[in-house]
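One structure is given here, and the rest of the page talks about it.
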Amino acid sequence: MEEVRVFMAIRYKVDIMAKLKEKGYSSTKIREEKLIGQSYLQQLRHGELVSWKTLDTICTLLDCQPGDLLEYVREAPSDR
């Protein structure tokens, strides 16, 4: 998995695309069934955070909670 990007100290704990694939949701299937838009899939591939609606869809597909996917990483004072 690529380095996880950090945005406002929130980052993915897991590779979302890999988890979706494990559950049988390939990029093609997701696009064909219009579950997640292409631009959001691209954001996920690059480790960028997506909308709450997309996160809700991902949690539904993976049968998980947002906390299973995201984590808060406190920045050290020198990192700010």
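Residue numbers (the UniProt record's numbering): 1 to 80. Ideal Cβ placement from N, Cα and C applies to all residues, glycine included. Computed from a prediction, not measured in an experiment: that's the story for all the values here.
If you look at Glu71, you'll find it in the beta strand (DSSP E) that goes Leu70 to Tyr72. In this structure the segment 48-64 lies against the segment 6-24, because at least three pairs of beta carbons, one per stretch, are closer than 8 Å. If you draw a 10 Å sphere on the C-beta of Tyr12, you find 16 or more other C-beta atoms in it, and that means buried. Ile10 and Pro66 have their C-alpha atoms roughly 12 Å apart.
Short of 8 Å from the beta carbon of Ile16, and not among the five residues preceding or following it, lie these beta carbons of its own chain, in chain order: Leu44, Ile58 and Leu69.
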